[in-house]
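This report concerns only the one structure given below.
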Amino acid sequence: LGNGRCEVQCCDGTKRLCHIRGKMRKKVWVNLGDIVLVSLRDFQDEKGDIITKYTADEARQLKQYGELPDNVKINETDLQDEGSDSD
1 LGNGRCEVQC
11 CDGTKRLCHI
21 RGKMRKKVWV
31 NLGDIVLVSL
41 RDFQDEKGDI
51 ITKYTADEAR
61 QLKQYGELPD
71 NVKINETDLQ
81 DEGSDSD
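Read in order, the letters of the sequence shown are residues 1 to 87 in this note's numbering.
Structure, rendered in structure tokens:
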């Protein structure tokens, strides 16, 4: 969407408009299908912040530990972005 903003499909099934935090901007590139950790905003349910991007190995470990749902596909371009809630 530009200006460090992304549309993210979260594990709870809602799409949220997320902002890439300043520490990640221009250093870590977020692409379609990447697994990211999203921090939800208390005052805006439809918005959040992308805290980190998981590598494929980290995403496989999260799926193995049961932190990601079974419908998440890793290393495929037709993926939906998945975010984990950090409450």
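We put the beta carbon where it would ideally sit given N, CA and C, even for glycine.
Looking at the structure shown, is K53 part of a helix, part of a strand, or coil, going by DSSP?
The answer is strand: DSSP assigns K53 an E or B state.
With 16 other CB atoms within 10 Å as the buried threshold, where does L68 fall?
Buried, since its Cβ has 16 or more Cβ neighbours within 10 Å.
My output table needs one value for K63: the three-state DSSP class, helix, strand or coil.
Helix at K63.
For I111 and G4, which I take to be in contact (beta-carbon distance under 8 Å), what is that distance rounded to the nearest angstrom?
Residue 111 lies beyond the stretch modelled for the chain, which goes from 1 to 87, so this question has no answer here.
Tell me, which residues are paired with G2 by DSSP?
Partner residues in the beta bridge of G2, as assigned by DSSP, are R5.
Can you tell me the Cα-Cα spacing of L37 and I50, whole angstroms?
Cα-Cα distance, rounded: 6 Å.
Extent of the continuous beta strand (DSSP E) run through R16:
15-20 is the span of the beta strand (DSSP E), which, as asked, contains R16.
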